[in-house]
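J.:
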Amino acid sequence: METEITCQVINPNDVTFPLKGGEMLVSDVIELGPHGTTLRKPVTVQMQYSSASSGGPRDTAVWVTEDRSQWTELKTTKERKGKLDVSVDHLSIFAVISQPKKDRFTVHSEGFKLTSSTQPSVQISFPEQAVDTDTQVKLEVQEVPERAVDEIKASRGLVGTTPIVKVETVSDSAVKLQKPVTVRVPHPQHYMDIQHEGPTKLRVMSRKEEGEDWIDVTDDVDIHHTPQLVEAAVHHFASYIVILVDDECGDPKEIGQTMLELCEWLQRFDVQFIVLQPESQPNQVLVQCSKDTEAEEKHAQLLQKGYTGLEPSDTVRLLQGQRIKVSLVGNVSFAPNDQGVTADKYITFHSYRKNLRQFVVKAEKDRGGLAGHGVVAFYELPHVVVTKEKGALVRRALQEGEPGGELKRPRKLCEIPIHVPYMPSPPHSPTSSQIVTPRPEDFVTSTATEGMIIADLTGVRKYFFFIKDNVSSNWKDLSFHLGFNAADEDNIAGRNRDDKSRCMDMLQDWQKREGNKATIEVLIDALENANLRLVVDGLRDEFPELQ
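Structure representation (structure tokens):
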């Protein structure tokens, strides 16, 4: 019995990634189907990803999900630049996540000493008999830039910090340390090259899990320090940081709050929002959230493509995977879809993706046909923690204060004004009797040889079938870079029942529009600009002439 295996790219806005500190999405989200199909033998899935990295040495891993929320990390069987292989026995949804580099090692009863491969000043020493059985351990070091301390030290009495050192077991089962373990870190003043006048003191802070409060454990550990190094004998697998504070700063809760602010700062990126409208179609709105170091260039590129609008927003700070609600305020609103429904609009920030959405907007009728004036407002939604409790999937918004407190409300980030001319409602989508189904002869030529019909796709058209099968739900990303606007996309969507048909229809429209200018070189550029490198690589593998 044969099973047809399907492959499509999932919109990252349609899945939830429980990203922790330093983790980021660096690939397309790929669904292999039929979803949930169990295979008789394991097969190898190769995932391609952006090999660009940020924040020092990185590891990469393939994650898999069954429900688009709860993810599991898979063991890599083969790795080379930009590609990871994993072995799977069922079909599901896959993505590549970049993570801070971890040192992995085994501690025996004879003891063990390890120097971090990413920060040589960090060392961990297990004495003899520290563990009862051989224990696999991971060591992760997260650097703390001086800028992070500068942002909060004035109000909190913070002078400097060491890197954050996370020591954890590979297994989920609890392992108890029989003897204290020595963690060595650079002295905060030496690490950050700080010149500070006035009395200070060192405090050792600890937490077991990310998201928990930091606890001051200074009184429970032995500390030895020199002007260059600090050593602390700790009793648990956990995260540790040594901070230098003003001598007057002594409230443990205040120090713990300082650490929460510091960790949140480390996890966020400086981001700007772009809101532009095509000069020829002002009832279309393009929204993009971009790292502030790239926003000005992306804004200029869009202006060159015929878009108009104001400068990017002020800089805001967002988490990886942060979901943003896009709202319209004033005499403007989102146009309903083909079913007459106006759904909420969202965009999700991933630092290595384009994070671009297009919306159709309209001026309200109750202003007597006048143009619409309003703003596009962006709201940061509460972070969602996805857990499994007693077999049931639970999504919980982070709460203010203690458990049982009020749920956080969406926080307004910024807004950008827009102007929309009043336009009569567009005509209804064509009925099924009006939809024209493309015929095979519209995109193939045939020749007869010895009684057989041989189909021969010519020119750029011969690549369309491969592209529509692999682009699938991301066809709008490709269409944007081929020059289509939101109204064009709505028309294409109304003529076709599924994403593959829409993608093929769009490609055919593009070729008709551009004629001889519709070349494979232009198509490959558009695929790459749409972050569909996986499709480009697949094209070159499938068609050797493109190498």
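Numbering-wise (the UniProt record's numbering), the sequence shown opens with residue 1 and increments by one.
We treat Cβ as the ideally placed atom computed from N, Cα and C, and that holds for glycine.
State the CB to CB distance for the pair Gln178 and Gln129, rounded to an integer number of angstroms; the pair is presumed to be in contact (CB under 8 Å).
T.: Confirmed, about 6 Å.
J.: I'd like the list of long-range same chain contacts for Gln119, defined as Cβ closer than 6 Å, with 5 residues on each side in sequence excluded.
T.: Only Val141, Pro163 meet the Cβ criterion.
J.: Determine the extent of the beta strand (DSSP E) in which Val420 is found, giving its start and end residues.
T.: It spans 411-420 - the beta strand (DSSP E) in which Val420 sits, taken as one unbroken run.
J.: Are Val234 and Val181 close, meaning C-beta to C-beta below 7 Å?
T.: Yes, the Cβ-Cβ distance between Val234 and Val181 is below 7 Å.
J.: Helix, strand or coil for Thr115, going by three-state DSSP, please let me know.
T.: Looking at Thr115 - three-state DSSP - the assignment turns out to be strand.
J.: Let me know the alpha helix (DSSP H) ranges lying completely inside the UniProt domain "ZU5" (101-246), each 4 residues or longer, listed in chain order.
T.: Listed in chain order, they are 146-156, 188-192.
J.: Need the endpoints of the beta strand (DSSP E) that Val285 sits in, please.
T.: 284-291 is the extent of the beta strand (DSSP E) around Val285.
J.: When burial is assigned at 16 or more other CB atoms within 10 Å of the CB, is Ala486 buried or exposed?
T.: Ala486 comes out buried.
J.: Check for me: the beta strand (DSSP E) holding Pro278 runs from which residue to which?
T.: Segment 268-278, the beta strand (DSSP E) holding Pro278.
J.: Going by DSSP, what residues sit across from Trp63 in a beta bridge?
T.: Partner(s): Glu73, Ala95.
J.: Within 10 angstroms of the Cβ of Ser98, are there 16 or more other Cβ atoms? Answer buried if so, exposed if not.
T.: Buried is the call here.
J.: Please state whether the Cβ-Cβ distance between Met47 and Phe17 is less than 7 Å.
T.: Result no, Cβ atoms of Met47 and Phe17 do not sit closer than 7 Å.
J.: Strictly by DSSP, which residues pair up with Ser333?
T.: According to DSSP, which records beta bridges pairwise, Ser333 is partnered with Lys362.
J.: Exposed or buried, which one is Glu489 when buried takes at least 16 other CB atoms within 10 Å?
T.: Looking at its Cβ environment, which holds 16 or more other Cβ atoms inside 10 Å, Glu489 is buried.
J.: Does the beta-carbon of Ala295 have 16 or more other beta-carbons within 10 angstroms, so that it is buried, or is it exposed?
T.: Counting Cβ neighbours within 10 Å, Ala295 comes out buried, since at least 16 surround it.
J.: Can you give the beta carbon distance from Val159 to Lys153, rounded, assuming they're within the 8 Å contact cut?
T.: With a Cβ gap of about 6 Å, Val159 and Lys153 count as contacting.
J.: Taking its Cβ as the centre, do 16 or more other Cβ atoms sit within 10 Å of Asn283, making it buried, or is it exposed?
T.: Burial call: buried.
J.: How big is the Cα-Cα spacing for Val471 and Met504?
T.: Cα-Cα distance, rounded: 10 Å.
J.: Report the residue from Leu84, Pro278, Trp265, Lys41 whose alpha carbon sits nearest the alpha carbon of Phe480.
T.: Ranking Leu84, Pro278, Trp265, Lys41 by Cα distance to Phe480 puts Pro278 first.
J.: Check whether the segment 12-28 and the segment 56-72 are in contact - that is, three or more C-beta pairs closer than 8 Å.
T.: At 8 Å Cβ cutoff, the stretches touch.
J.: What does the alpha-carbon distance come out to for the pair Val420 and Ala371?
T.: So the two alpha carbons sit approximately 6 Å from each other.
J.: Could you check where the beta strand (DSSP E) with Gln8 kicks off and where it finishes?
T.: 6-10 is the extent of the beta strand (DSSP E) around Gln8.
J.: In terms of DSSP beta bridges, what is Ala377 paired with?
T.: DSSP output for Ala377 lists Ser327, Glu415 as bridge partner(s).
J.: Just tell me which of Val144, His90, Val107 has its CA closest to the CA of Val137.
T.: Among Val144, His90, Val107, the Cα nearest to that of Val137 is on Val107.
J.: For the alpha helix (DSSP H) that Glu521 lies in, which residues bound it at each end?
T.: Its alpha helix (DSSP H) spans residues 520-529.
J.: For Lys81 and Gln281, what's the separation of their Cα atoms in angstroms?
T.: Those two C-alpha atoms are separated by around 42 Å.
J.: Going by C-alpha to C-alpha distance, which of Met24, Asp28, Leu302 sits closest to Pro12?
T.: The shortest Cα separation from Pro12 among Met24, Asp28, Leu302 belongs to Asp28.
J.: Between which two residues does the beta strand (DSSP E) carrying His350 extend?
T.: No beta strand (DSSP E) contains His350, which DSSP labels as neither H nor E.
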